[in-house]
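Below: the structure, in structure tokens.
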Amino acid sequence: MTVSQNDLPNEDISQESESQDKRVPYHFGEKLRTVRERKGYTLKVVASQAGVSESLVSQIERNRVSPAIDTLLALADVLDINLEYLFEEYRRKHPVQIIRKDERRISTEDSISFEEVVKPDDSDGNSTLEAYFITIPAGEKTHKGSYGHMGREMGLVLSGKCELHYENFVYELNEGDSVSFSANAPHVIINTGDKELKAMWVVTPAQRFINK
């Protein structure tokens with residue numbers, strides 16, 4: 192029997208996007224070996240006290256096999272290991288965030304749309320960035336940065352042309368041009384072309400343009 196999610200102590204595992212995840216075995220053999228060696232225990236001593244074979248302990252430490260829950264508890268007891276320590280990495284949110292094309296959140300500002308492609312991540316207590324596809328109709332302009340805010344922004348014009356009004360300066364941007372700047376100063380994007388403007392925009396730290 193292998194250790195399952197239900198065997199983990201006090202675990203509250205999120206089911207979000209479970210169907211999208213490709214699970215790989217969770218390994219903790221290195222931790223068991225490190226603790227054993229620090230305590231000066233031999234494989235034979237640990238195996239004897241845990242009531243299992245020396246070969247099994249060796250295979251578990253090398254992540255060759257997954258122990259039954261009773262075997263794991265016995266090893267943890269012999270080594271005086273807290274199960275929270277063994278599974279602390281398992282508890283962390285997955286480091287990879289995927290937003291499917293048909294699941295993007297969209298925020299509108301008058302006739303302008305902000306389609307979220309990178310969502311702020313609070314798993315480490317610090318939402319470092321967010322990113323959007325911005326669509327601006329001809330003659331329209333953004334308002335979100337008109338007063339400025341902390342952090343930086345980076346934009347890439349995908350199609351169309353625009354002007355970036357930054358403080359008292361005006362910068363013309365055409366298809367394929369990119370721009371980055373401190374967001375502390377007032378800034379506005381104006382679609383100066385005769386067709387829809389599309390741009391990719393990154394904001395850091397996240398300002399939560401979409402906060403739902």
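The opening position of the sequence shown corresponds to residue 192 in the numbering used here, with each subsequent residue numbered one higher.
The beta-carbon is built from N, C-alpha and C at its ideal position, and this holds for glycine as well.
Just verifying my parser: in three-state terms, what is the DSSP assignment at residue i?
i, result
"Leu270", "helix"
"Arg295", "coil"
"Arg229", "helix"
"Leu247", "helix"
"Ala139", "In the structure as shown, the chain begins at 192 and stops at 403. Residue 139 is therefore absent and cannot be evaluated."
"Val237", "helix"
"Lys222", "helix"
"Tyr164", "Because the chain here runs from 192 to 403, residue 164 falls outside it and cannot be looked at."
"Ala327", "Per the sequence shown, residue 327 should be read as Ile rather than Ala. The answer is strand: DSSP assigns Ile327 an E or B state."
"Ile179", "This structure cannot speak to residue 179, because the chain is shown only from 192 to 403."
For residue i and residue j, what's the separation of their Cα atoms in angstroms?
i, j, result
"His334", "Arg291", "28 Å"
"Lys386", "Glu331", "11 Å"
"Glu300", "Glu279", "42 Å"
"Ala397", "Ile325", "16 Å"
"Glu366", "Pro286", "33 Å"
"Asn273", "Gly220", "14 Å"
"His453", "Arg399", "As shown, the chain starts at 192 and ends at 403. That puts residue 453 outside it, with no answer to give."
By DSSP's criteria, residue i is part of a beta bridge. Which residues make up the other side?
i, result
"Gly346", "Val370, Trp392"
"Val308", "Beta-bridge pairing links Val308 to no other residue."
"Val379", "His356"
Quick one, which of the options has its alpha-carbon nearest residue i's?
i, options, result
"Tyr276", "Asn382, Tyr362, Leu223", "Leu223"
"Gly242", "Ile401, Ala267, Lys230, Arg296", "Ala267"
"Lys352", "Arg229, Tyr338, Asp368, Ile289", "Asp368"
For residue i, is the classification buried or exposed, using 16 other Cβ atoms within 10 angstroms of its Cβ as the cut-off for buried?
i, result
"Asn375", "exposed"
"Ser257", "buried"
"Glu307", "buried"
"Phe305", "buried"
"Ala329", "exposed"
"Arg338", "Residue identity differs from the one stated: residue 338 is Tyr in this sequence, not Arg. It counts as exposed."
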